[in-house]
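Enquirer:
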Amino acid sequence: MRRRLNEAIVFVAGVAMLAVPAVVTDRYVLKVLTFVGLNTIVVIGLALLFGYAGQVSLGHAAFFGIGAYTSARLVMSFGLPWVLSVVGAAVVAALAGWAVAVPGLRLRGHYLAMATLGFNEIMSVAFVEARPVTGGNDGLGGVPFPSFGSFELKTPSALFVLVWAVALLVWLAARNIVRSRPGRAMRALHCTEPGALASGVDVAAVKVRVFALSAGLAGLAGALFAHSVGFISPSSFGLDLSVLLVAAVVLGGRESLSGPIVAMAVLTLLQYLGALLPGLPRQAAEAIQDWVPDIVGATLIAVLIARARGGAPVRAKEALGRGAR
Amino acid sequence: MRGKPVRALAALTAIVLASAGLAGCGAKQEAGGGGETKKEPYRIGVVVSLTGTYAGLGTPEKQAMEMERDRINAEGGVNGHPIELIFEDDATDPAKAAAAATKLIDQDGVIAIIGATGTAQTMAMRSEIQRAGVPQVSMAGGSVITDQFDPLVFQTPWPNRVVVPFVLKAIAKKGYTKIALISDTGGFGKDGHDIIVKEAPAAGITIVADETFNPGDTDVSSQLTKIRAANPDAVLMWNAGKEAALVAKGMKQLGMKQPLFGGHGNARKEFIEGAGDAAEGFVFAAGKILIPEAYGTGTEAYKVATDFIESFNAKYGKAPDTFAGHAHDALMIVVDALRRVEGEVTPAKLRDAIEQTKGLVGVGGTFTFSSTDHNGLSESDIVLYRVENGAWVLDER
């Protein structure tokens, strides 16, 4: 009964979200909220990988970039229909995630973080150097808008609906994953690897799959990003985005999807606060803009000191169960 | 277990709706708030990088424009209208730059946009600029900005396609025909490299070695060893980063006696400080702002440049760099065009007025735009400098 009610609330909230363009006509606000939707898709993937399976990745901006460039190229150079390009981009990013995860399996904790960080840096250089493909530092402009046949989605409100519809689908899929067997395997893996192994969880396979899935979601968001902004360049896919994503998962809390999503929404909106709250004096807005990285860093440290589990409330029973760790 | 996601989702929806709603109300508030005795201000949007990689460029740009805005308004504004600058930080992110353009156009209703600091950020704004038909004056140096021509987009720095042929001619004039090229792989270095390779034959110069390094590299000795083996007459370096000092120091360590040349990316005090005595004799091309005497002391350009340098020094306690100069020029171009617009100012009329800019003396040079040239600078706006006793002096040919 309770569950059904909750599902209904989720549905209503989802519809309310998609109805935002009917109320809001400001193109800029819609664009910023579209960015929130894109980041939501990436952070759901990272919450599965980091929050549930406990595998840290400081390289998700690279997968986001791989998706963006792949989809842009598939449409612009190979003339693929938009839908196929986006799917292709997600697949390519997932394959890249798989390729990182297989050797990465030998690493954990800080070493895995370092390896993924290295991957992010390598890809940053690759995005700059592969000039014929990526346009180098000058960027790649004129990426076509999303289209279904001859129907083109080019207004900010259409793009908003597209991105949030995808985000909601991804969210629902992720909820199902964490409630079912793979989700339990991921949590077991996070808690204790030998324990998971002893319970018959194929630890290696779970790690690789969740990494590939997570990278694929980042790639999907990257593809949507490329087509909704219309311009991509390497500076959008740097380490700072990877760090922001990890910060959102840490702030949002482990074993939670909604926590990281809300954290990411706040972190994203913080950067545009000056424009979203026009009552704010301009000086204050500019000061906030200047201090965003510091605010994020300080909050992160404060949360880690006060409550290493992140912002999501701790359930007493589960906390007791963790005593062995 | 299930209660929380729902609550969080509701919270998220609330945040989004609230921010959307607030933004909607605020826009209305602002429209009614400007009830001054003076005429309505001219609103100009500015997109600069105040955080991220280009923060070091965007900050002096903002300072220069704030100083100029205050001066213009103190002198009574433009045709009685004060100037209002609305600054947006793009955090060196192209997507943020594009969003900032949307904000400035839709929420603030600006008549022109100055920016961005970087080339990619400038290019990312283009689709918004085209949609709204608002003129844009960029402070970024990439040739691509005016090579991919758009009637709405103008540019103030000297592009590589102007500086490179100037440097090549200077090298040839000094009697060097075999040169080694060392450039970085960043946007500026790569752009310059490609133009050098294309233009060298026309200047009668052969490139005998072509080496590159990455921004952030800490050692270039293997590239320099290869260059030494190629035995060039001179070495030409094209980059904009601090690695230039490594090249100069490395050549000295390897005992290379060839003269070293460079471009406007090396017109930085950090280079001389970093390279020490290895910088001695380094010859580079840059605008005349470094030594305004290059304009000739009686000229208007000399006066504009020294005025700018002195007031910048007085206000911020340091000499302006070339980036501050590009920002000064960008604002000056817009203001000059505003003065010439007749009747009510619209973005379209302003664009036409900017395109008609003729002989406008700025800090970086004298700007003359045309329907095919939206950079407006020529070789006569740059000069050769030489490093001597730890300072730059004019290199008389």
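Taken in order, these protein sequences are the chains called Y and F.
Sequential numbering of the first sequence, starting at 5, is according to the working numbering.
Sequential numbering of the second sequence, starting at 11, is according to the working numbering.
All C-beta atoms in this analysis are idealised placements derived from N, C-alpha and C, irrespective of residue type, glycine included.
Predicted model, so just to flag it, every value in this text is computed and none were measured.
1) Below 8 Å on the Cβ atoms is my guess for F:A250 versus F:G199; work out the distance and round it to an integer in Å.
2) I need the DSSP call for F:L32, collapsed to helix, strand or coil.
3) When you compare the CB of F:V154 with every CB in chain Y, is at least one pair closer than 9 Å?
4) May I have the straight-line CA-CA distance separating F:T166 from F:Y64, to the nearest angstrom?
5) Alpha carbon to alpha carbon, how far is F:N399 from F:E280?
6) Helix, strand or coil for F:E94? Go by DSSP, reduced to three states.
7) Using the C-alpha atoms, what's the distance from F:A110 back to F:L387?
8) Under three-state DSSP, which class holds Y:G257?
9) Mind listing which residues of the region 117-132 of chain F have their C-beta closer than 7 Å to chain Y's C-betas, in chain order?
10) Out of F:D194, F:I93 and F:A142, state which residue places its alpha-carbon closest to the alpha-carbon of F:K113.
11) Measuring CB to CB, does F:D194 end up less than 9 Å from F:N224?
12) If you drop the 5 nearest sequence neighbours on each side, which residues of the same chain put their C-beta closer than 8 Å to that of Y:Q275?
13) With 9 Å set as the bound, which would you pick, yes or no: does the beta-carbon of F:A366 sit closer than that to a beta-carbon of chain Y?
14) Quick check on DSSP: helix, strand or coil for F:I189?
15) Around the Cβ of Y:L193, are there at least 16 other Cβ atoms within 10 angstroms (buried) or fewer (exposed)?
16) What three-state label does DSSP hand F:L335 in the structure shown?
17) Would a check of beta-carbon distances place Y:G140 closer than 9 Å to chain F?
18) Where Y:R329 and Y:E197 are concerned, what is the direct C-alpha to C-alpha distance, given to the nearest angstrom?
19) Could you work out which residues of chain F lie near Y:D298, taking near to mean beta carbons separated by less than 7 Å?
20) Should the region 51-61 of chain F be regarded as contacting the region 315-325 of chain F, the criterion being three or more beta carbon pairs within less than 8 Å?
21) With 9 Å as the threshold, decide whether the Cβ of F:T228 is near any Cβ in chain Y.
22) Measure from the alpha carbon of Y:I265 to the alpha carbon of each residue in Y:A12, Y:R8 and Y:G55, then state which is nearest.
23) What does the alpha-carbon distance come out to for the pair F:R396 and F:E406?
24) What are the boundary residues of the beta strand (DSSP E) that F:A244 is part of?
25) Within this structure, are the beta carbons of Y:L217 and Y:L52 separated by less than 9 Å?
26) Given that F:F164 touches chain C, what residues does it touch there, using C-beta distances under 7 Å?
27) When DSSP builds the beta bridges, which residues end up paired with F:R396?
28) Compare the C-beta of F:R79 with all C-beta atoms of chain Y and state if any pair is closer than 9 Å.
29) So, using beta-carbon positions, are Y:F67 and Y:G101 closer together than 9 Å?
30) Could you tell me the boundaries of the alpha helix (DSSP H) in which F:A219 lies?
31) Could you pull the DSSP bridge partners for F:E365 from this structure?
32) Helix, strand or coil: which one does DSSP assign to F:T129?
Expert: Let me lay it out:
1) Indeed they touch by this definition, with Cβ atoms about 7 Å apart.
2) Note that F:L32 scores 47 on pLDDT, short of 50, meaning its location in the model is unreliable and no value can be drawn from it.
3) It does; some Cβ of chain Y falls within 9 Å.
4) Those two C-alpha atoms are separated by around 17 Å.
5) Roughly 15 Å between the two C-alpha positions.
6) In this structure, F:E94 counts as strand in the three-state DSSP scheme.
7) Each residue's alpha carbon lies about 28 Å from the other.
8) DSSP places Y:G257 in coil when its eight states are reduced to three.
9) Cβ contacts with chain Y come from Q117, T129 and A130.
10) The option with the nearest alpha carbon to F:K113 is F:A142.
11) Their beta carbons are under 9 Å apart, which means F:D194 touches F:N224 by this criterion.
12) Once the five neighbours on either side are set aside, the close Cβ partners of Y:Q275 are Q293 and V296.
13) The amino acid occupying residue 366 of chain F in the given sequence is Gln; Ala does not appear at that position. Chain Y contact via Cβ: absent.
14) For F:I189, the three-state secondary structure derived from DSSP is strand.
15) Buried, because 16 or more other Cβ atoms sit within 10 Å of the Cβ of Y:L193.
16) According to the sequence as given, residue 335 of chain F is Gly; it is not Leu. It is helical.
17) Chain F has a Cβ within less than 9 Å of the Cβ of Y:G140.
18) Confidence at Y:R329 is low in this model, with a pLDDT of 38, below 50, so the placement of that residue should be treated as unreliable; the coordinate-derived value is given next. Near 11 Å, if we compare the C-alpha coordinates of Y:E197 and Y:R329.
19) Those do not exist, as Y:D298 stays about 10 Å from chain F at its closest Cβ, beyond 7 Å.
20) Flag = no, the region 51-61 of chain F and the region 315-325 of chain F do not touch.
21) Under the 9 Å criterion on CB atoms, F:T228 is classed as non-interfacial with respect to chain Y.
22) Of Y:A12, Y:R8 and Y:G55, the residue nearest in Cα terms is Y:G55.
23) Those two C-alpha atoms are separated by around 9 Å.
24) A244 to W248 is the span of the beta strand (DSSP E), which, as asked, contains F:A244.
25) Against a cut-off of 9 Å, the Cβ pair of Y:L52 and Y:L217 comes out as a contact.
26) The structure shown contains no chain C; its protein chains are Y and F.
27) BP columns for F:R396 point to F:V293 and F:V403.
28) So no, F:R79 is outside the interface.
29) Y:G101 sits close to Y:F67, with the two beta carbons spaced by under 9 Å.
30) In this chain, F:A219 is not harboured by any alpha helix (DSSP H); it is covered by the beta strand (DSSP E) spanning T216 to F223.
31) Beta-bridge pairing by DSSP links F:E365 to no other residue.
32) The answer is helix: DSSP assigns F:T129 an H, G or I state.
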